[in-house]
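Okay, so here's the structure we're looking at.
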Amino acid sequence: MSLIKTNESSFEQDVLQAQGPVLVDFYADWCGPCKMVGPILEQIADEDTSVNIAKVNIDENPNLAAKYKVMSIPTLMVFRNGQPEKPMVGAGSKQQILNLIG
1 MSLIKTNESS FEQDVLQAQG PVLVDFYADW CGPCKMVGPI LEQIADEDTS VNIAKVNIDE
61 NPNLAAKYKV MSIPTLMVFR NGQPEKPMVG AGSKQQILNL IG
């Protein structure tokens, strides 16, 4: 399991072409709730080897945020076989995030 930062140039390889599910965290450095989710994602990354986690800074990657209709942060979205699933908007608990991953 890994936790990586991705961007507009590497998103296709890191997320869309990835083997297995990828949980994408759309965030910003100034976002308080995003800072609350960060440690939870790190914990999940350490514990769960079946999913990769990719972080996308929306301030640095506005085109990705627009493409996936990110209107509020944090937005967590699982991608399977390159396809986004229903997002979770706002800071969630570890269990809520695990439920999102499935």
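In full-length UniProt numbering, the protein residues as written are 1 to 102. For each residue, glycine too, the CB sits at the ideal point set by N, CA and C. Model, not experiment: these values are computed from the prediction.
When you compare each of the options to residue i by their alpha carbons, which one comes out closest?
{"i": "Gly102", "options": "Glu85, Glu60, Val89, Ala91", "result": "Glu85"}
{"i": "Arg80", "options": "Leu100, Ser93, Ala65, Lys69", "result": "Leu100"}
{"i": "Cys34", "options": "Gln19, Gln13, Leu76", "result": "Leu76"}
{"i": "Gly32", "options": "Ile97, Leu64, Leu3, Ser72", "result": "Ser72"}
{"i": "Gly20", "options": "Asp48, Glu42, Pro62, Gln43", "result": "Asp48"}
Please tell me whether residue i and residue j are closer than 7 angstroms, where the distance is taken between their beta carbons.
{"i": "Leu16", "j": "Ile53", "result": "no"}
{"i": "Val37", "j": "Pro87", "result": "no"}
{"i": "Lys55", "j": "Lys94", "result": "no"}
{"i": "Glu12", "j": "Asn61", "result": "no"}
{"i": "Ala45", "j": "Leu98", "result": "no"}
Using the rule of at least 16 other Cβ atoms within 10 Å of the residue's Cβ for burial, across every protein chain shown, is residue i buried or exposed?
{"i": "Lys67", "result": "exposed"}
{"i": "Ile40", "result": "buried"}
Legend entry - Segments assigned beta strand (DSSP E), at least 3 residues, entirely inside the stretch 32-95: 52-57, 75-80
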